[in-house]
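S.K.: Residues in the first sequence are numbered consecutively from 3, following the numbering used here. Take this structure first; my questions come after.
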Amino acid sequence: MNQKFLKPYDPTATEDRIYKLWEESGFFNPDTLPERNKKGEPYSIVLPPPNVTGTLHMGHAAMLAIEDIMIRYKRMQGFRTLWLPGTDHAAIATQSKVEKELEKKEGKRRHDLGREEFLKRVDTFAKESHDTIVNQVRKMGASIDWSREAFTLDERRTVAVRTAFKTMYDLGLIYRGHRIVNWDPKGQTTISDDEIVYEERKAKLYTFKYSKDFPIYIATTRPETKVGDVAVAVHPDDVRYKKYVGQEFKLDFAGAKLTIKIVGDVAVDPAFGTGAVGVTPAHSGTDADIASRHGLPSVQVIDEFAKMTSGTGIVAGMKVAAAREAIVKWLEENSLLEKTEDVTQNIATAERTGGIVEPLPKLQWFIAVNKPFKLAHSVIPGIKSGQEVTLKEIMKKAVDSGAIKIIPERFDKTYFHWIDNLRDWCISRQIWYGHRIPVWYKEQEIFVGLEAPKGEGWKQDEDTLDTWFSSGLWTFSTLGWPEQTNDLKVFHPTNVLETGYDILFFWVARMILMTGCLLGDIPFKTVYLHGLVRDGKGRKMSKSLDNNIDPLDMIKKFGADATRLSLIIGTGPGNDAKLSEDKVKGYKNFSNKIWNIARFILSTAEGERHQGRTLTQIAPRSDLGVAKVNYDPAFKEWSETDAGYLKRLHELTVEVTMEMDEYKFYLVGEKLYHYVWHEFADLILEESKPIIAGTDHKASVSRIQFLLHALRTSVALLHPFMPFVTEEIWGEIGKKGRDLLIVENWPS
RNA sequence: GCGCGAUUAGCUCAGUUGGUAGAGCAACUCUUUUACACAGAGAAGGUCGCAGGUUCGAAUCCUGCAUCGCGCACCA
3 MNQKFLKPYD PTATEDRIYK LWEESGFFNP DTLPERNKKG EPYSIVLPPP
53 NVTGTLHMGH AAMLAIEDIM IRYKRMQGFR TLWLPGTDHA AIATQSKVEK
103 ELEKKEGKRR HDLGREEFLK RVDTFAKESH DTIVNQVRKM GASIDWSREA
153 FTLDERRTVA VRTAFKTMYD LGLIYRGHRI VNWDPKGQTT ISDDEIVYEE
203 RKAKLYTFKY SKDFPIYIAT TRPETKVGDV AVAVHPDDVR YKKYVGQEFK
253 LDFAGAKLTI KIVGDVAVDP AFGTGAVGVT PAHSGTDADI ASRHGLPSVQ
303 VIDEFAKMTS GTGIVAGMKV AAAREAIVKW LEENSLLEKT EDVTQNIATA
353 ERTGGIVEPL PKLQWFIAVN KPFKLAHSVI PGIKSGQEVT LKEIMKKAVD
403 SGAIKIIPER FDKTYFHWID NLRDWCISRQ IWYGHRIPVW YKEQEIFVGL
453 EAPKGEGWKQ DEDTLDTWFS SGLWTFSTLG WPEQTNDLKV FHPTNVLETG
503 YDILFFWVAR MILMTGCLLG DIPFKTVYLH GLVRDGKGRK MSKSLDNNID
553 PLDMIKKFGA DATRLSLIIG TGPGNDAKLS EDKVKGYKNF SNKIWNIARF
603 ILSTAEGERH QGRTLTQIAP RSDLGVAKVN YDPAFKEWSE TDAGYLKRLH
653 ELTVEVTMEM DEYKFYLVGE KLYHYVWHEF ADLILEESKP IIAGTDHKAS
703 VSRIQFLLHA LRTSVALLHP FMPFVTEEIW GEIGKKGRDL LIVENWPS
């Protein structure tokens, strides 16, 4: 027996060595798998690319653990497995991180450096961040194919992004339009609807009228925008106001000259406030809709820096907050303010910068989700090639046809609900880091293509694309699209997309949209959603609470196996998980338990001889299936008890295999833990001691054979969960020179 | 406002199609020339959020309510 078994299991001394062994074996790469796998059915997962904004957190660790379990399981079953890694440039997130550092360390802003120099800084930061992340992924034991690694902003992905943009532009699905967008004054960029976080705040609702002669009171929480009003809308059936509809008033409001028309519109709720709405088309989406229905003009009164524009009377040039106070004061002084009420309202803030989102009319690029187009080629169930569809319909069909299955199922509803409310997706961003929009302008001409057009005087669009545009292509851009590569043929659609439920809309839905549109296919067959990893008290891990648990820390203290198991057990799909150091520690003890089981069995088996050979030499290593138990003929007869144990182990194997197929990893982990510790070790092993020490040679040999068999089976079943300690033990419990456990048969 | 989830032992969670409540951790008692004290043995611990209903039988199905959490929409 190897001397290392005499000491407690030491993850740090083991893990890096084992990982190297796996990498050198080539088994992470589907092209260099054993013959059995090469001939097997393909099974692929693309890694949700972590943002290159720093380091990995526990959520990433959970994601890696779950995906590695899926891949290792399928690899042992003989599938041709590919797990493809990569990182995401994460446009706004990364840029704002670098901007913050620049400001802090050098007191400079990005414009002080200029576009080119600033982008160099971001690249340097992204590179460092990338290296850290890759190291962390290895530490977790991820059996990932590094030879295919991708980055959302590398050359090949740039070709994919530009091809996608051009294709969708030619289909009429990408258009440029002047519309109300979500403007983040802090980040100085537009953001999509999904990048908004609503925060509940107390606000005041002011009820007032524009002037003494104006007949209707209106209510607002934003008096400063009222200098941009062009109308007052009332419900067309509202008897209080019916007589005014159609009238027009010219008036002076806090020094601003307004022309207010009274219009009837069904969007107005007669029961809210005074039942009359001041219409500000330039600074409210719903108001803009009302304005367009009545042919009203739009007057912008707030600029990109959240300051009042000129021509706004007494508030011109003021910041929005100051302007609000000024208007209220003016209303009071002129006895126009009827009442002030306290209300709570949801205020829109930008997810990344926390800035208060200002709706502004701007010229931006959009993806039309409701526009019918001809989908040339389709294998999506329910959509025929050449059929007219909208992107929304594609997204819906992909899931409600059953082609894509979401786990847990209840997220179907959330997904459909989101689609129903979906509006055109604003994809242009006024930041520098990211894919620059592949559009060039020259006077009135516009050119959309993969490269700049020939000839003088063309200027490329200044904006970049929403980061989710490139991530939306991830399942196929990583496999070589738009080239028709072999990888694309073999591994797409991918089998499973495993990611957090928090990016179901951001990412999962966008991938379905992009893949449907560009390939006429689905990007994956199953979506497995995991929850958030919270601290032991159920709080979100955050810097301000200082309750972050660092995965590397846990790995260092307790080993990657223990860290992985602690993230799996007690965690169902779609549910948030609580994690404490004690939990990880518990599974460290389990690693050691298995280690000692192996030690006991090895030393016992080596001591027991049959026909001049030790039992470890007799029992072949690959005999994992009970049906295949094929030991030395002399020992074919199991004792009655051992036959019973064999049966029980076989039943467990069948049960656990079924649950693996149902993605119930938390159950499998727990069951194996329980079997190994409290059945195999506590009952069977304890009971074995007198049998082995006894005089009945036959019974003793039968039992030792069983112990070896059960150890091998347990270690194999546990391998996807705890790859390191199981591989290490595997190296000692069978014939030398055979393959690693990573490609051993899954027990049956 | 619409929708989703949770509520089971001190804590974290299981509980498949309804058949007398389970696991881990913690706590308690005992055990140390024992494969492992990163351990073993043992005992203890729950009117399954509340109220109704269906049923021979409900943690499980139905209705209503409560508390907590989440998503979407509205947000004049």
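All C-beta atoms in this analysis are idealised placements derived from N, C-alpha and C, irrespective of residue type, glycine included.
Looking at the structure shown, is residue 33 part of a helix, part of a strand, or coil, going by DSSP?
M.R.: In the three-state scheme derived from DSSP, where H, G and I count as helix and E and B as strand, residue 33 is classed as helix.
S.K.: Going by DSSP, what residue range makes up the alpha helix (DSSP H) through residue 701?
M.R.: 699-720
S.K.: Quick check: the region 530-540 against the region 567-577, are at least 3 beta-carbon pairs closer than 8 Å?
M.R.: yes
S.K.: Just to confirm the assignment, what range does the alpha helix (DSSP H) spanning residue 453 have?
M.R.: Looking at the DSSP string, residue 453 is not in any alpha helix (DSSP H), and its letter there is neither H nor E.
S.K.: Are there 16 or more other CB atoms within 10 angstroms of the CB of residue 412, so buried, or fewer, so exposed?
M.R.: exposed
S.K.: From the DSSP secondary-structure annotation, give me the bridge partner or partners of residue 756.
M.R.: This structure cannot speak to residue 756, because the chain is shown only from 3 to 750.
S.K.: Counting Cβ pairs closer than 8 Å, one from the region 677-692 and one from the region 544-556, do we hit at least three?
M.R.: They do not touch, by the three-pair rule.
S.K.: Using DSSP bridges, identify the partner residues of residue 444.
M.R.: Bridge pairing for residue 444: 447 [DSSP].
S.K.: Does DSSP classify residue 276 as helix, strand or coil?
M.R.: In the displayed model, residue 276 falls within coil according to three-state DSSP, outside both helix and strand.
S.K.: In terms of residue numbering, what span does the beta strand (DSSP E) encompassing residue 191 cover?
M.R.: 191-193
S.K.: At what residue ranges does the region 45-80 contain a whole run of the alpha helix (DSSP H), taking only runs of 4 or more?
M.R.: 60-78
S.K.: With distances taken from CA atoms, which of 213, 558, 182 is nearest residue 282?
M.R.: When each option's Cα is compared against that of residue 282, the closest is 182.
S.K.: With a cut-off of 8 Å on the beta carbons, I'd call residue 161 and residue 520 a contact; round off their distance for me.
M.R.: With 8 Å as the limit, residue 161 and residue 520 do not qualify as a contact, their Cβ atoms being about 13 Å apart.
S.K.: For the alpha helix (DSSP H) containing residue 726, list its first residue and its last residue.
M.R.: 725-732
S.K.: Buried or exposed for residue 52, please, with buried defined as at least 16 other CB atoms from any protein chain shown within 10 angstroms of its CB.
M.R.: buried
S.K.: Can you give the beta carbon distance from residue 192 to residue 354, rounded, assuming they're within the 8 Å contact cut?
M.R.: Not really, about 12 Å apart at Cβ, beyond 8 Å.
S.K.: Strictly by DSSP, which residues pair up with residue 89?
M.R.: 153
S.K.: What is the DSSP secondary structure of residue 412, reduced to helix, strand or coil?
M.R.: Coil.
S.K.: Alpha carbons only, please: which of 199, 277, 139, 454 is nearest the one belonging to residue 235?
M.R.: 277
S.K.: Determine the closest residue to residue 133 out of 98, 81, 54, with distance taken between C-alpha atoms.
M.R.: Per the C-alpha coordinates, the member of 98, 81, 54 positioned closest to residue 133 is 54.
S.K.: Looking only at DSSP bridge pairs, what is residue 258 linked to?
M.R.: 255
S.K.: Determine the extent of the beta strand (DSSP E) in which residue 347 is found, giving its start and end residues.
M.R.: 339-352
S.K.: Does the pairing of the region 334-343 with the region 207-225 give three or more beta-carbon distances under 8 Å?
M.R.: yes
S.K.: From the DSSP output, read off the bridge partner residues of residue 498.
M.R.: 47, 528
S.K.: Spatial neighbours of residue 325 within its chain, please: CB distance less than 6 Å, with the 5 preceding and 5 following residues excluded, ordered by chain position.
M.R.: Annotation for residue 325: 226, 310, 317 place their beta carbon closer than 6 Å to its own, counting only its chain and skipping 5 residues before and after.
S.K.: My parser needs the beta strand (DSSP E) runs of 3 or more residues fully inside the region 150-232; what are they?
M.R.: 176-186, 191-193, 198-210, 220-222
S.K.: Would residue 386 be called buried (16 or more neighbouring beta carbons within 10 Å of its own) or exposed?
M.R.: exposed
S.K.: Is residue 484 near residue 526, with beta carbons less than 8 Å apart?
M.R.: The answer is no: Cβ separation not under 8 Å.
S.K.: Residue 632 to residue 708, Cα distance in whole Å?
M.R.: The predicted position of residue 632 is uncertain, since its pLDDT is 43 and thus under 50; a value taken from the coordinates is nonetheless stated next. C-alpha separation (whole angstroms): 12 Å.
S.K.: Taking the alpha carbon of residue 171 as the point to measure from, which residue in 367, 190, 74, 197 has its own alpha carbon closest?
M.R.: 367
S.K.: Indicate the three-state DSSP secondary structure (helix, strand or coil) for residue 682 in the structure shown.
M.R.: DSSP places residue 682 in helix when its eight states are reduced to three.
S.K.: Since residue 378 and residue 314 should fall inside the 8 Å C-beta cutoff, what is the C-beta to C-beta distance between them, to a whole number of angstroms?
M.R.: 51 Å between Cβ atoms; not a contact.
S.K.: Give a yes or no on whether the C-beta atoms belonging to residue 560 and residue 580 are separated by under 8 Å.
M.R.: Not in contact: residue 560 and residue 580 (Cβ atoms no closer than 8 Å).
S.K.: Could you spell out the range, first to last residue, of the alpha helix (DSSP H) harbouring residue 692?
M.R.: Element bounds for residue 692: 688-695.
S.K.: How do the region 37-50 and the region 116-125 stand: do at least 3 beta-carbon pairs fall below 8 Å, yes or no?
M.R.: no
S.K.: Please classify residue 14 as buried or exposed, where buried requires at least 16 neighbouring CB atoms within 10 angstroms.
M.R.: Answer is exposed; the Cβ neighbour count stays below 16.
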